[in-house]
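Worksheet: the structure to be examined is printed underneath.
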Amino acid sequence: MEALALQAHRRYHLRHVVTALDARMGEVYAATWHCLNDTITPMSAEAVLAPERLRLPGDETDWVGVGSGFSLWEQFTVDVQLSMPQHLYDLEPRAEEMAWLAARDFAAGLGQAAHLVQPVYLRNDVAWKKPA
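Next comes the structure, spelled out in structure tokens:
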């Protein structure tokens with residue numbers, strides 16, 4: 561999601577970015593970011609949640625949403641919709657930004673041996689259960 565925020569910042573010079581990817585099962589993977597001069601700062605933790613549970617930090621009203629999760633636009637709360645005058649649901653993460661972020665982290669001493677790298681799972685319970 562950070563790569564998606566970086567792409568939106570570089571392409572459209574966006575400052576407050578909400579990334580949301582369709583997680584299926586009526587949920588999105590989402591996070592919020594502040595972007596300035598290729599510096600991407602997380603404003604919220606990455607999470608998997610129902611669109612109506614998304615809350616935006618602070619009182620900013622110039623958020624721009626990017627990612628496939630915004631195909632569920634009608635499910636976001638009115639407060640979120642009013643704070644986000646624009647959403648671009650057709651942007652997808654690209655290898656270019658992922659490589660740039662990896663090089664940045666490696667240069668900062670955050671590299672690890674390949675056998676130590678672990679994926680981050682935002683959704684631990686992957687079996688869909690019918691609501692009661």
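Its first residue numbered 561, the sequence shown is counted upward by one per residue in the numbering used here. Glycine included, each C-beta is placed from N, C-alpha and C at the ideal position. None of the values given here were measured: they were computed from a predicted structure.
Would you report the Cα separation of residue i and residue j, rounded to the nearest angstrom?
{"i": "Glu620", "j": "Gln678", "result": "34 Å"}
{"i": "Val588", "j": "Ala610", "result": "6 Å"}
{"i": "Ala668", "j": "Ser604", "result": "22 Å"}
{"i": "His647", "j": "Phe630", "result": "7 Å"}
{"i": "Leu616", "j": "Asp665", "result": "26 Å"}
{"i": "Ala591", "j": "Val608", "result": "9 Å"}
{"i": "Phe636", "j": "Leu670", "result": "35 Å"}
Going by DSSP, what residues sit across from residue i in a beta bridge?
{"i": "Arg584", "result": "Glu587"}
For residue i, count neighbouring Cβ atoms within 10 angstroms of its own Cβ and tell me buried if that reaches 16, exposed if not.
{"i": "His573", "result": "exposed"}
{"i": "Glu657", "result": "buried"}
{"i": "His675", "result": "exposed"}
{"i": "Leu581", "result": "buried"}
{"i": "Met585", "result": "exposed"}
{"i": "Ala655", "result": "exposed"}
{"i": "Leu642", "result": "exposed"}
{"i": "Ala568", "result": "buried"}
> Three or more C-beta pairs closer than 8 Å, one from the region 575-584 and one from the region 655-667: is that the case here?
Replying inline: Touching, no.
> Going along the chain, which unbroken runs of the alpha helix (DSSP H) with 4 or more residues stay wholly within the region 571-654?
Replying inline: 638-643
> How about the region 625-642 and the region 561-569: do they share at least three Cβ pairs that are nearer than 8 Å?
Replying inline: With the cut-off at 8 Å, the region 625-642 and the region 561-569 touch.
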